[in-house]
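Chains as they are written, first to last, in the UniProt record's numbering: chain E, 1 to 178; chain A, 1 to 178.
There are 2 protein chains.
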Amino acid sequence: MSLRHAVLGLLSEAPASGYDLLKIFEMSLANVWPATQSQLYGELGKLTDAGLIEVAAEGPRGRKEYRVTEAGLAELRHWIAEVPPNTVPRSDVLLRVFFLGALPADQAVAYLRSLARDAENDLAHLRSLVPHVECQDDNLSVYGRLALEWGLRASELRREWAEWAEEQIRSLNVTPRD
Amino acid sequence: MSLRHAVLGLLSEAPASGYDLLKIFEMSLANVWPATQSQLYGELGKLTDAGLIEVAAEGPRGRKEYRVTEAGLAELRHWIAEVPPNTVPRSDVLLRVFFLGALPADQAVAYLRSLARDAENDLAHLRSLVPHVECQDDNLSVYGRLALEWGLRASELRREWAEWAEEQIRSLNVTPRD
DNA sequence: GCTCGACATGTCTCCACTGGAATGTCGAAG
DNA sequence: CTTCGACATTCCAGTGGAGACATGTCGAGC
Chain E
1 MSLRHAVLGL LSEAPASGYD LLKIFEMSLA NVWPATQSQL YGELGKLTDA GLIEVAAEGP
61 RGRKEYRVTE AGLAELRHWI AEVPPNTVPR SDVLLRVFFL GALPADQAVA YLRSLARDAE
121 NDLAHLRSLV PHVECQDDNL SVYGRLALEW GLRASELRRE WAEWAEEQIR SLNVTPRD
Chain A
1 MSLRHAVLGL LSEAPASGYD LLKIFEMSLA NVWPATQSQL YGELGKLTDA GLIEVAAEGP
61 RGRKEYRVTE AGLAELRHWI AEVPPNTVPR SDVLLRVFFL GALPADQAVA YLRSLARDAE
121 NDLAHLRSLV PHVECQDDNL SVYGRLALEW GLRASELRRE WAEWAEEQIR SLNVTPRD
C-alpha cells in the first residue's frame, strides 16, 4: 500500500515520467522501498484515475510527465503524519537465527560470521554513498541523509550484534555441561 | 516463502498441532515473522503434501500433531545455511522520513518525536520479555535470546536515531540561511 | 540509411499475505 | 445437564508484489 505514497512523495519533489521514477527508485529508494517497472506504471495509472496525480506534459516516445495534484499532496501529508506505520518488519535473517539450533555449532558460528561480513559490506556500500548526498540541498537529500544515517547505524548494529552472538555461541559450546 | 521454514523450524524443536504453532507464532515469533491461522493451516497442508512434515498423532477435536520428516529437516538446514537471505526489508517508516520535506517543519519534528516514543515503548515491551526467556534452556530459548538481544539493540538504535534526527531538523530550521 | 542502445509504457500470471467467516468438539464450572 | 470458553480446523475473496514478457520510439554514431 505504500508504493503509491512513495510515488506521490517523489512527484511532490519534482514532476517526472515513469521512467524517471524508475531511475530514482533504483538510486535513492533501493534500500528502503524497491519497486519494479510493472508496479510503477500500474501505480501511476491508478493514481491518475484517483486524481492524485496528473499528466503535466507529454514528450517524445510517448513520455508522460506526471505531477501531483492538490489532492495528491494532501493525501501524502495525511499518510505521513496520520497513518500509523504498519507492522513488524519481517526478517528472514532473524528467523534463521531462531533455528540455528538445527545446525551443528560450527555451522551456526559460520552463519553468524557471514552475517557480520554482510553487514560490513553494506556499511562500506552506504559509506560510499555519503559524499553523493552530502553536497546537495534539496528536500530529498536533506531527509535522504537522515535515512542514510539510519542505514549506517543499522549496519553497524548488525555487525556488532553478529560478533557478539558468535561469541555467545562459542562460549556456550566450549564450556562443559557440568 | 519463509513461512514454511518457520514452520519447519518450530516443528524441528518439538511436534505440534496447527493450533499449538499458532500460539508459538503469537508468542515468540510475533516480532520476527507474524502469521495468521489461514496461512499456517495452508502451509501445513502444503508441507505435508511435499513430504517435509507428517502427521505424528491425532488427538481429540480433530487435532493433528505434526512432526518433521528427515527430508524436512534437511530442507531446513539447507535453507538456514545455504539460501541467501533475501532482499532489502521494506520500511514504511523510513519511507516517510524521505518525504518529511512535504510537511511543515514542526510536524516533521513531531513525527520524529513520535518515532522515538514508539521505539521507547517497544524497548520496554522487549525488556519485559527478558525474564521469560532467561531461565529456559531449550534450543529455541538459547537462540531466541540472541534474537531478543537484536530487538533490544535495534529499538535503542531507533530511539537514538530519532532523537538525533529531530535535532538535525531543528538546527537546520533555526539557523538562518546566510 | 541503418542499427543499437537508451528511453518509455504497458500486460499477464503466480504467489504470499490479509482478514473474515463457518464449523465443530471437548472440558469444566455452575 | 447445560452452557461457555478454549481448542481446533478449513475455506474463501481480495490485495499487493515479483518477474517475465511484449511493444514501440527516438538519437547517436558508423
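Where is the CB? At the ideal position from N, CA and C, for every residue including glycine.
Predicted, not measured: the structure shown is a model, and the values here were computed from it.
Secondary structure of A:Val32 (DSSP, three-state): coil.
E:Arg77 places its beta carbon 9 Å or farther from that of A:Leu115. Neighbourhood of A:Glu149 in chain E, by CB distance below 8 Å: Trp161, Trp164 and Ala165, in chain order.
For the 9 Å CB-CB criterion, A:Val142 and E:Gly101 form a contact. Every unbroken stretch of the beta strand (DSSP E) spanning 3 or more residues and falling wholly within the region 37 to 90 of chain A is given here in chain order: 53 to 58 and 64 to 68. In this structure, DSSP gives E:Ala14 a state outside helix and strand, which the three-state scheme calls coil. For A:Arg170, none of the residues of chain E pass the 7 Å Cβ criterion, the least Cβ distance being about 12 Å. If only uninterrupted beta strand (DSSP E) runs of at least 3 residues are considered, none is enclosed by the region 136 to 165 of chain A.
Near chain A, meaning a CB-to-CB distance below 9 Å, the residues of the UniProt domain "Transcription regulator PadR N-terminal" (7 to 77) of chain E are Leu8, Gly9, Leu10, Ser12, Glu13, Ser28, Leu29, Ala30, Asn31, Val32, Trp33, Pro34, Leu73, Leu76 and Arg77. Nearest Cα to E:Arg170 within the set E:Ala110, E:Ser155 and E:Arg127: E:Ala110.
With 16 or more other CB atoms across the displayed protein chains lying within 10 angstroms of its CB, E:Arg159 is buried.
Contact between the region 81 to 100 of chain E and the region 87 to 94 of chain A is established, with three or more Cβ pairs separated by less than 8 Å. In terms of CA proximity to A:Pro131, A:Arg145 leads the group A:Asp138, A:Arg145 and A:Asp122. As the crow flies, the alpha-carbon of E:Glu13 is around 24 Å from that of A:Trp161. In the structure shown, A:Leu103 adopts coil according to DSSP, grouped into three states.
Within 10 angstroms of the beta-carbon of E:Gly151 lie 16 or more other beta-carbons, which makes it buried.
Using a CB distance cut-off of 9 Å, A:Leu129 does not count as an interface residue toward chain E.
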